Amino acid sequence: MIEELIQSYGHLFERELLEEINQVGTFKEIPEGYKLIEIGEYIRSMPLLISGAIKVIREDSEGDELLLYFLERGDTCAMTLSCCIGQTKSEIRAVAELDTKLVMIPIQKMEEWTGKYRSWRNFVFESYHSRLMEMLEAIDSIAFMNMDERLLKYLGDKVKVTQDKMVHTTHQEIAYELHTSRVVISRLLKNLEKLGKIKLHRNNIEVFNL
């Protein structure tokens with residue numbers, strides 16, 4: 005597995021740190037749809053993504069979900085870092101968007117490496133910054149974008165993460181993640197199809213020009 009670590013993180017971490025990750029990390033392969041982190045759980049380790057993608061979701065008091073951001077190869081989750089270090093319960097749900105390979109790093113090593121390796125410390129700080137920017141973008145989309153603009157952004161993000169112009173999802177699933185109704189999503193998708201930006205299939209959306 006060290007070869008895959010080098011491919012994903014060799015440009016970030018020195019060889020000594022990569023070898024430590026290989027020794028103490030727990031490697032996992034999780035299928036699409038697998039729930040890696042649940043709201044209200046204590047988190048004892050943090051994920052480093054080797055391949056695939058994970059979507060990070062918030063939930064309101066009524067159980068409605070809101071997509072915050074995606075994690076891809078070379079990423080970790082800043083909210084996971086906060087929960088691990090602060091020993092607090094998770095405020096997010098993390099679900100595999102694709103079949104995903106990752107390595108889970110125990111909390112003890114996270115703290116040790118922060119003092120031992122500058123590359124790890126920089127990685128943690130940059131991860132906080134990246135996830136913060138993505139959450140601000142999510143807030144901006146809710147506050148300032150119309151639903152049709154949010155839908156376009158959502159489809160564009162999906163295509164980017166999966167590297168597949170065929171988005172495999174239902175109208176209801178999109179509605180959950182954008183915090184709106186299926187009727188609204190269906191109407192907007194039909195409008196996008198008329199504009200030639202997408203083609204609707206059964207449980208799939210083919211994306212052309214966004």
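Counting from 5, one number per residue, gives the positions in the sequence shown under my numbering. Each residue gets a CB set at the ideal place from its N, CA and C atoms; glycine is no exception. Model, not experiment: these values are computed from the prediction.
Item to check | Sequence-distant residues of the same chain with beta carbon closer than 6 Å to E36, five excluded per side | outcome: Taking the first residue of the sequence shown as position 1, residue 36 is located at position 32. Excluding residues within five positions, the ones whose Cβ falls inside 6 Å are A100, L102 and D103.
Item to check | Cα-Cα separation between L70 and L182, rounded to whole angstroms | outcome: As a first step, residue 70 must be located in the sequence shown, where it is residue number 66. As a first step, residue 182 must be located in the sequence shown, where it is residue number 178. So the alpha carbons of these two residues sit roughly 6 Å apart.
Next on the checklist: Please classify E153 as buried or exposed, where buried requires at least 16 neighbouring CB atoms within 10 angstroms.
Outcome noted: Within the sequence shown, numbered from 1, the residue matching residue 153 stands at position 149. When all chains shown are included, E153 counts as exposed.
Item to check | Among N150, T166, R191 and L199, the one whose alpha carbon lies nearest that of A57 | outcome: If you number the sequence shown from 1, residue 57 lands on position 53. Closest option to A57, Cα to Cα, is T166.
Item to check | Closest Cα partner of L199 within the set V211, L53, D144 and E42 | outcome: Counting from 1 along the sequence shown, the entry for residue 199 is found at position 195. Looking at the Cα atoms, V211 is the closest of the given residues.
Next on the checklist: Given this structure, state the Cα-to-Cα distance separating M5 from C88, to the nearest angstrom.
Outcome noted: Numbered from its first residue, the sequence shown carries residue 5 at position 1. Numbered from its first residue, the sequence shown carries residue 88 at position 84. Between M5 and C88, the C-alpha separation is close to 24 Å.
Next on the checklist: Give me, in chain order, the residues of the same chain whose beta-carbon lies closer than 6 Å to that of Y38; leave out the 5 immediate sequence neighbours on both sides.
Outcome noted: Here residue 38 refers to the residue found at position 34 of the sequence shown. So the list reads A100, once near-sequence residues are dropped.
Next on the checklist: Going by DSSP in three states, K172 sits in which element: helix, strand or coil?
Outcome noted: On the sequence shown, position 168 is the one that residue 172 refers to. A small fix is needed here, since residue 172 is His in this sequence, not Lys. DSSP places H172 in strand when its eight states are reduced to three.
Checklist entry - Excluding the five sequence neighbours on either side, which residues of its own chain have a C-beta within less than 6 Å of the C-beta of K113, listed in chain order? => result Looking up residue 113 in the sequence shown gives position 109. So the list reads V28, once near-sequence residues are dropped.
Checklist entry - Who are the near neighbours of K32 in its chain, counting only those whose CB is closer than 6 Å to its CB and skipping five residues on each side? => result If you number the sequence shown from 1, residue 32 lands on position 28. L106.
Item to check | Minimum C-alpha distance to H175 - residue among T184, F129 and K59 | outcome: Here residue 175 corresponds to residue number 171 of the sequence shown, with the count starting at 1. If we check each option's Cα against that of H175, T184 comes out closest.
Checklist entry - To which residues of the same chain is Y73 closer than 6 Å at the C-beta, ignoring the five residues directly before and after it? => result Within the sequence shown, the letter at position 69 stands for residue 73. Contacts found: V60 and E138.
Next on the checklist: Report the start-end ranges of each beta strand (DSSP E) in the segment 103-158 that is 3 residues or longer and not cut off at the edges.
Outcome noted: 104-110
Checklist entry - From which residue to which residue does the beta strand (DSSP E) around I10 run? => result Counted from its first residue, the sequence shown places residue 10 at position 6. First-last for I10: I6 to Y13, but that is the alpha helix (DSSP H), not the beta strand (DSSP E).
Next on the checklist: Quick test of your reading: I4 and L155, contact by CB under 8 Å. State the CB separation rounded to the nearest angstrom.
Outcome noted: As displayed, the chain neither begins before 5 nor continues past 214, which places residue 4 out of reach and without an answer.
Checklist entry - Which one or two residues does DSSP pair with A100 in a beta bridge? => result Taking the first residue of the sequence shown as 1, we reach residue 100 at position 96. A100 pairs with I58.
Checklist entry - Run through DSSP, which three-state label would Y180 get? => result By 1-based counting over the sequence shown, the position of residue 180 is 176. It is helical.
Next on the checklist: If contacts are defined as beta-carbon pairs under 8 Å, then M108 and T80 qualify, I think. What distance do you get, rounded to the angstrom?
Outcome noted: Here residue 108 is taken as the residue at index 104 of the sequence shown, counted from 1. Here residue 80 is taken as the residue at index 76 of the sequence shown, counted from 1. Between T80 and M108 the Cβ distance is about 10 Å, and since that is not below 8 Å, they are no contact.
Checklist entry - Going by beta carbon distance, what residues of the same chain come within less than 8 Å of F129, once the five residues before and after it are set aside? => result For the purposes of this step, residue 129 is taken as residue 125 along the sequence shown, with counting starting at 1. Nothing meets the Cβ criterion.
Checklist entry - Would L22 pass as a contact of G14 if the rule is Cβ separation under 8 Å? => result Taking the first residue of the sequence shown as position 1, residue 22 is located at position 18. Taking the first residue of the sequence shown as position 1, residue 14 is located at position 10. In contact: L22 and G14 (Cβ atoms closer than 8 Å).
Checklist entry - If we count the other Cβ atoms within 10 Å of its Cβ and call it buried at 16 or more, is M170 buried or exposed? => result What you label residue 170 is simply residue 166 of the sequence shown in a count that begins at 1. Burial call: exposed.
Checklist entry - What is the rounded straight-line gap between the Cα of R122 and the Cα of G67? => result Taking the first residue of the sequence shown as 1, we reach residue 122 at position 118. Taking the first residue of the sequence shown as 1, we reach residue 67 at position 63. Cα-Cα distance, rounded: 40 Å.
Checklist entry - What are the partner residues of S49, as DSSP defines its beta bridges? => result Translated into positions along the sequence shown, residue 49 becomes position 45. Answer is P110, bridged to S49.
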